[in-house]
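Novice: Residue numbers (mature numbering (1 follows the signal peptide of the UniProt record, and there is no 0)): -19 to -1, 1 to 189.
1. Taking DSSP as the reference, what is the three-state secondary structure of residue 176?
2. Does the Cβ of residue 143 have 16 or more other Cβ atoms within 10 Å, making it buried, or fewer, making it exposed?
3. Which runs of the beta strand (DSSP E) spanning at least 3 residues fall entirely within the region 132 to 166, listed in chain order?
4. Taking residue 151 as the reference, give the member of 78, 181, 40, 19 with the closest Cα.
5. Hey, could you find the ends of the beta strand (DSSP E) residue 108 is sitting in?
6. Taking only runs that begin and end inside the region 31 to 118, name each unbroken beta strand (DSSP E) of 3 or more residues, in chain order.
7. Whose C-beta lies closer than 7 Å to the C-beta of residue 118 among residues of the same chain, with five residues either side of it excluded?
8. Quick one: residues in its chain with C-beta nearer than 8 Å to the C-beta of residue 130, no 5 flanking neighbours on either side, listed in chain order?
9. Identify which residue in 161, 20, 49 has its Cα closest to the Cα of residue 140.
10. Using three-state DSSP, classify residue 183 as helix, strand or coil.
11. Which partner residues does residue 4 have in the DSSP bridge list?
12. DSSP three-state label for residue 171, please.
13. Whose CA, out of 145, 102, 45, lies closest to the CA of residue 54?
14. Is the region 20 to 29 touching the region 38 to 45, taking contact as three or more C-beta pairs under 8 Å?
15. Since residue 155 contacts residue 125 with CB under 8 Å, what's their CB separation in whole angstroms?
16. Which one or two residues does DSSP pair with residue 121 in a beta bridge?
17. Relative to the C-alpha of residue 112, which residue among 45, 11, 137, 157 is closest?
18. Just to confirm before moving on: does the CB-CB distance between residue 82 and residue 153 stay below 9 Å?
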C-alpha cells in the first residue's frame, strides 16, 4: 500500500526531473492540451531558447490604444513544457487593456515605465485594484477577470510572465460584441438594450 501511495504522491508533484532536458516545440505539429510535440534534439539550436521580440514597442494605434507582444510557445518554442511564458504590454496615454482572462495561466506584471491602474475581480465578485508605478509588481490569479489602464501622462510599459507556455487570452468585450452572436441573445445575457448592443457590435466589428 505504501509504495502505491508514494507513486500517487509523485504524480501530484511538479515534474522537476524529466526523461529529457527539454522539449522544444515542433511548431509544424498541432498544439494539444499537453502542448506541442518535441522537436528532434538534433534540430534544436540556441535560437529556440532565445526570443528578442520584447525589446520593440508594440503598435498602440488601435481602438484600445494598447498592444500585447507575446512570447508564448507559438513565438518562443523553447518554453514548451516548462510552464512559463512572457509578454510585453504597451499602453498609450488614454489606453486600456479591457477586462480579460487567461484561462490557462496566472500572470505576474512588472511595470517598467509610467503608471498603470490594474486590478482583478474574483469569482466571488471581490474587486482588487491598485495604482502601480515603475518597479511595482502585481499578480493576477488564473482565470480571473482583470484589466490594466494607463493612469499617467506617458506611455506605460510593463512586462508580464505567465505560469503556462500558452496561457490563452479572451477579452470580454470582444467575446460579446465582436462576433455573430445575435443581438437579441446579447441583450438577454448582458441586460443592455438593443441600441447599446448594436452600437458596441458596430464599434468592435460584430454582426447579428
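The beta carbon of each residue, even a glycine, is placed where N, CA and C say it ideally should be.
Specialist: Per the coordinate set shown:
1. Here residue 176 is taken as the residue at index 195 of the chain shown, counted from 1. It is helical.
2. In the chain shown, the residue the question calls residue 143 occupies position 162. Counting Cβ neighbours within 10 Å, residue 143 comes out buried, since at least 16 surround it.
3. Here the runs fully enclosed are 137 to 143.
4. Numbered from 1 along the chain shown, position 170 holds the residue referred to as residue 151. It is 78.
5. As a working mapping, residue 108 is identified with position 127 in the chain shown. Element bounds for residue 108: 108 to 114.
6. Residue ranges of uninterrupted beta strand (DSSP E) with 3 or more members, entirely inside the region 31 to 118 and ordered along the chain, are 47 to 52, 66 to 72, 77 to 82, 88 to 94, 96 to 102, 108 to 114.
7. Looking up residue 118 in the chain shown gives position 137. For residue 118, where only same-chain residues beyond five positions count, the Cβ hits under 7 Å are 89, 90, 91.
8. The residue given as residue 130 occupies position 149 in the chain shown. Counting only Cβ-Cβ distances below 8 Å, and skipping sequence neighbours, we find 72, 76, 77, 78, 97, 98, 99.
9. Numbered from its first residue, the chain shown carries residue 140 at position 159. Out of 161, 20, 49, 49 has the C-alpha closest to the C-alpha of residue 140.
10. Looking up residue 183 in the chain shown gives position 202. Three-state DSSP puts residue 183 in a helix.
11. Within the chain shown, residue 4 is the residue found at index 23, counting from 1. In the DSSP output, where bridge partners are listed per residue, residue 4 has none listed.
12. In the chain shown, residue 171 corresponds to position 190, counting from 1. DSSP places residue 171 within a helical segment (H, G or I) once states are collapsed to three.
13. Here the question's residue 54 lines up with position 73 in the chain shown. Among 145, 102, 45, the Cα nearest to that of residue 54 is on 145.
14. No, because fewer than three Cβ pairs between the region 20 to 29 and the region 38 to 45 fall closer than 8 Å, the two stretches do not touch.
15. Your numbering for residue 155 matches position 174 in the chain shown. Your numbering for residue 125 matches position 144 in the chain shown. Taking 8 Å as the upper bound for CB-CB distance, residue 155 and residue 125 are not in contact here, some 18 Å apart.
16. The sequence position of residue 121 within the chain shown is 140, counting from 1. According to DSSP, residue 121 bridges with 88.
17. Locating residue 112 in the chain shown gives position 131, counting from the first residue. When each option's Cα is compared against that of residue 112, the closest is 137.
18. Position 101 of the chain shown, counted from the first residue, corresponds to residue 82. Position 172 of the chain shown, counted from the first residue, corresponds to residue 153. At the C-beta level, residue 82 and residue 153 come within 9 Å of one another.
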